[in-house]
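Each step along the sequence shown adds one to the number in our numbering, with nothing skipped, and position 181 is 1091.
Even glycine gets a Cβ: it sits at the ideal position worked out from N, Cα and C.
Beneath this line is the structure, given in structure tokens, with notes to follow.
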Amino acid sequence: MAMFWSKLRAPAAAVLVVVLLATGLGMALRGGTAAEPGQVSPKPPDADQPPKKSTTDDGPTRPALKILVLDIKISEVDKEGNEKAFANPQIQTLDGRAAVFHSGGHQPVVLANGGVDFVPFGIQVDARVTSRKDGRLCADVSVSHSSPAYAAIKVRGASDTSAAGDTQADGKAEAGKARPETAEEQVMRSLRSVRLIRPGGTVTVDLDGADPERKHYRVAISVRVETY
911 MAMFWSKLRA
921 PAAAVLVVVL
931 LATGLGMALR
941 GGTAAEPGQV
951 SPKPPDADQP
961 PKKSTTDDGP
971 TRPALKILVL
981 DIKISEVDKE
991 GNEKAFANPQ
1001 IQTLDGRAAV
1011 FHSGGHQPVV
1021 LANGGVDFVP
1031 FGIQVDARVT
1041 SRKDGRLCAD
1051 VSVSHSSPAY
1061 AAIKVRGASD
1071 TSAAGDTQAD
1081 GKAEAGKARP
1091 ETAEEQVMRS
1101 LRSVRLIRPG
1111 GTVTVDLDGA
1121 DPERKHYRVA
1131 ISVRVETY
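Now the structure itself:
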């Protein structure tokens, strides 16, 4: 019986040696050391470090570019409320940047020094749209309409009304009467509107023109957001 147990211990000891050698080799390959019996194996040096983010050859990802697309519709409205569109531009701009559209012409005006200045007249739309954290858009829209006579008043000053064809008002209002229009107001009208809208919403501005017929104009601006 003693000989039997001695023969059984020899293979068991050999197996234990092989297991210990394999454990030590594995720890060495992982950069650690084999633990002594009864001790906890040490952690690898980077075990507590957060996983590293993978990178690509193109570098870090760029933030999305936000483009605001303004679809503008300018119409003339008759007394019955019928609209007749005569301009339908589309303008692309960045968030918070100004967008300007002019529909009309340029009136040449001779300056005092003999030079010539070309002053625009007609309808001009100035729009600035800014996105908010709540997802809404703040649309700041100004619309103006001027007649060709406005050019002379703008360049020479309101005291010169020869181009306007009307006598300049003194700007004072009599008791019980509305203040008369100044020469500049007779040939130039403007209106500003600031509103909060959702993407895809529309801002509408109605304005009485500065032409002798006092035509009524309507400007509708629809704003949508595109990201690239």
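- Could you give the C-beta distance for Leu1004 and Leu978, rounded to a whole number, given that I count them as a contact under 8 Å? On the sequence shown, residue 1004 is found 94 positions in, with the first residue counted as 1. On the sequence shown, residue 978 is found 68 positions in, with the first residue counted as 1. Yes, Leu1004 and Leu978 are in contact; Cβ-Cβ is about 7 Å, under 8 Å.
- Task: Could you give the DSSP three-state label for Ala1022: helix, strand or coil?
- Result: Position 112 of the sequence shown, counting from 1, holds the residue named residue 1022. In the structure shown, Ala1022 sits in coil (DSSP, three-state: anything other than H, G, I, E or B).
- Sequence-distant residues of the same chain with beta carbon closer than 8 Å to Lys976, five excluded per side: The sequence position of residue 976 within the sequence shown is 66, counting from 1. Within the same chain, Lys976 has close Cβ partners Leu1004, Asp1005, Ser1041, Val1135, Glu1136, Thr1137.
- Message: Within 8 Å, do at least three Cβ pairs link the region 1018-1027 to the region 990-1002?
- Response: no
- Have a look at Ser1132 and Ser985 and give me their C-alpha separation to the nearest angstrom. For the purposes of this step, residue 1132 is taken as the residue at position 222 of the sequence shown. For the purposes of this step, residue 985 is taken as the residue at position 75 of the sequence shown. Near 14 Å, if we compare the C-alpha coordinates of Ser985 and Ser1132.
- Could you tell me which of Gly1110, Asp1121, Leu1047, Phe1011 sits nearest to Val1053, measuring between CA atoms? The sequence position of residue 1053 within the sequence shown is 143, counting from 1. For the residues Gly1110, Asp1121, Leu1047, Phe1011, the minimum Cα distance to Val1053 belongs to Phe1011.
- Could you check if Lys1064 is buried or exposed, using at least 16 other CB atoms within 10 Å of its CB as the buried criterion? Taking the first residue of the sequence shown as 1, we reach residue 1064 at position 154. Flag for Lys1064 reads buried.
- Item | Beta-carbon proximity of Arg1007 to Ile1107, cut-off 9 Å | Along the sequence shown, one-based indexing puts residue 1007 at 97. Along the sequence shown, one-based indexing puts residue 1107 at 197. Contact: no.
- Query: Terminal residues of the continuous beta strand (DSSP E) containing Arg1099?
  - Reply: Indexing the sequence shown from 1 puts residue 1099 at position 189. 1098-1107 is the extent of the beta strand (DSSP E) around Arg1099.
- Task: Taking only heavy atoms of the ligand GDP into account, decide whether any of them is closer than 8 Å to the Cβ of Asp981.
- Result: Looking at this structure, you won't find the ligand GDP or any other ligand, since it has none at all.
- Item | Rounded separation between Gln1034 and Pro973 - CA only | Along the sequence shown, read from residue 1 onward, the residue named residue 1034 stands at position 124. Along the sequence shown, read from residue 1 onward, the residue named residue 973 stands at position 63. The straight-line gap from Cα to Cα measures roughly 34 Å.
- Item | Rounded straight-line distance, which links the Cα of Pro999 to that of Asp1125 | For the purposes of this step, residue 1125 is identified with residue 215 of the sequence shown, where counting begins at 1. For the purposes of this step, residue 999 is identified with residue 89 of the sequence shown, where counting begins at 1. Per the sequence shown, the amino acid found at residue 1125 is Lys instead of Asp. If I take the Cα positions, the gap works out to 21 Å.
- Message: Just to confirm, is the Cβ distance from Ser1103 to Asp1050 under 9 Å?
- Response: Looking up residue 1103 in the sequence shown gives position 193. Looking up residue 1050 in the sequence shown gives position 140. Yes, the Cβ-Cβ distance between Ser1103 and Asp1050 is below 9 Å.
- Who pairs with Lys983 in a beta bridge, going by DSSP? In the sequence shown, residue 983 corresponds to position 73, counting from 1. Bridge partners of Lys983: Ala1130.
- Message: Does Phe1031 pass the burial test, meaning 16 or more other C-beta atoms within 10 Å, or should it be called exposed?
- Response: Here residue 1031 corresponds to residue number 121 of the sequence shown, with the count starting at 1. With 16 or more other Cβ atoms within 10 Å, it is buried.
- Task: Identify whether Lys976 lies in helix, strand or coil by the three-state DSSP scheme.
- Result: For this step, residue 976 is matched to residue 66 along the sequence shown. Strand, per DSSP.
- Hey, how far is the Cα of Lys983 from the Cα of Pro1109? Position 73 of the sequence shown, counted from the start, is the residue given in the question as residue 983. Position 199 of the sequence shown, counted from the start, is the residue given in the question as residue 1109. The straight-line gap from Cα to Cα measures roughly 17 Å.
- Task: Over the uninterrupted beta strand (DSSP E) stretch that includes Ser1056, give me the two end residues.
- Result: Walking along the sequence shown from the start, residue 1056 turns up at place 146. Start and end: 1047-1056.
- Query: Which residues in the same chain as Ser1057 place their Cβ atom closer than 7 Å to its Cβ, once the five residues preceding and following it in sequence are excluded?
  - Reply: Position 147 of the sequence shown, counted from the start, is the residue given in the question as residue 1057. Cβ neighbours of Ser1057 beyond the five flanking positions: Phe1031, Val1097, Ala1120, Asp1121.
- For Val1039, which option in Gln1002, Val1026, Phe996 has the closest C-alpha, if you only look at C-alpha atoms? For this step, residue 1039 is matched to residue 129 along the sequence shown. Closest option to Val1039, Cα to Cα, is Gln1002.
- Query: Do you know offhand how far Asp1118's Cα is from Gly1014's?
  - Reply: What you label residue 1118 is simply residue 208 of the sequence shown in a count that begins at 1. What you label residue 1014 is simply residue 104 of the sequence shown in a count that begins at 1. Their Cα atoms are separated by approximately 16 Å.
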